[in-house]
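Colleague: Questions regarding the structure given below will be posed in turn.
In our numbering, the protein residues as written are 53 to 191.
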């Protein structure tokens with residue numbers, strides 16, 4: 053039932069006027085992964101334990117779904133640097149109540165960062181590249 057609700061809310065978010073289908077799809081996929089047991093740990097750096105504070109660009113590690121602090125990122129390159137807005141968008145989608153997941157989608161500046169991080173996270177954990185996602189990227 054929760055999956056159906058998430059899907060319906062995601063489709064409704066895509067149908068809104070001026071909606072960004074890529075942001076809604078990224079939010080859907082990230083929340084689906086989280087609800088399916090692949091919850092990312094976006095609270096602290098896995099290397100030094102520094103709590104996420106939103107300062108500077110934090111890296112995102114798709115392998116374990118964690119944020120790498122700016123101090124550790126040079127020695128542990130994450131591959132996906134996230135601005136404060138992008139990191140906050142992922143944190144929001146993962147922790148929002150079910151009925152509010154799509155209420156605050158990433159802005160235009162954060163859209164590409166969040167999409168790349170979510171797709172890398174999905175592909176890492178499923179081991180698959182999805183043609184439907186490649187199509188969505190082309191829109």
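The C-beta atom is built at its ideal place from N, Cα and C for all residues, glycine as well.
Out of 63, 125 and 171, point me to the one whose CA is closest to residue 101's CA.
Modeller: The option with the nearest alpha carbon to residue 101 is 125.
Colleague: Mind reading off the beta-carbon distance from residue 94 to residue 133? Whole number of angstroms is fine, and I expect it under 8 angstroms.
Modeller: At roughly 14 angstroms, the Cβ-Cβ gap does not stay under 8 angstroms, so residue 94 and residue 133 are not in contact.
Colleague: Using alpha carbons as the reference points, say which of 166, 176, 179 and 137 lies closest to residue 77.
Modeller: Of the listed residues, the one whose Cα sits closest to residue 77 is 166.
Colleague: From the DSSP output, which residues share a beta bridge with residue 159?
Modeller: Answer is none; residue 159 lacks a bridge partner.
Colleague: What residue does the beta strand (DSSP E) around residue 112 start on, and which one ends it?
Modeller: 110-113 is the extent of the beta strand (DSSP E) around residue 112.
Colleague: Check whether the region 77-87 touches the region 167-178, taking contact to mean three or more Cβ pairs, one atom from each stretch, closer than 8 angstroms.
Modeller: Segments in contact, yes.
Colleague: How far does the beta strand (DSSP E) with residue 132 in it reach, from first residue to last?
Modeller: Taken as a continuous stretch (DSSP letters only), the beta strand (DSSP E) holding residue 132 covers 132-134.
Colleague: Comparing C-alpha positions only, which one of 138, 61 and 55 sits nearest to residue 111?
Modeller: The shortest Cα separation from residue 111 among 138, 61 and 55 belongs to 138.
Colleague: Can you tell me which of the three DSSP states residue 87 falls into?
Modeller: Residue state, collapsed to three classes: helix.
Colleague: Hey, how far is the Cα of residue 178 from the Cα of residue 67?
Modeller: About 28 angstroms.
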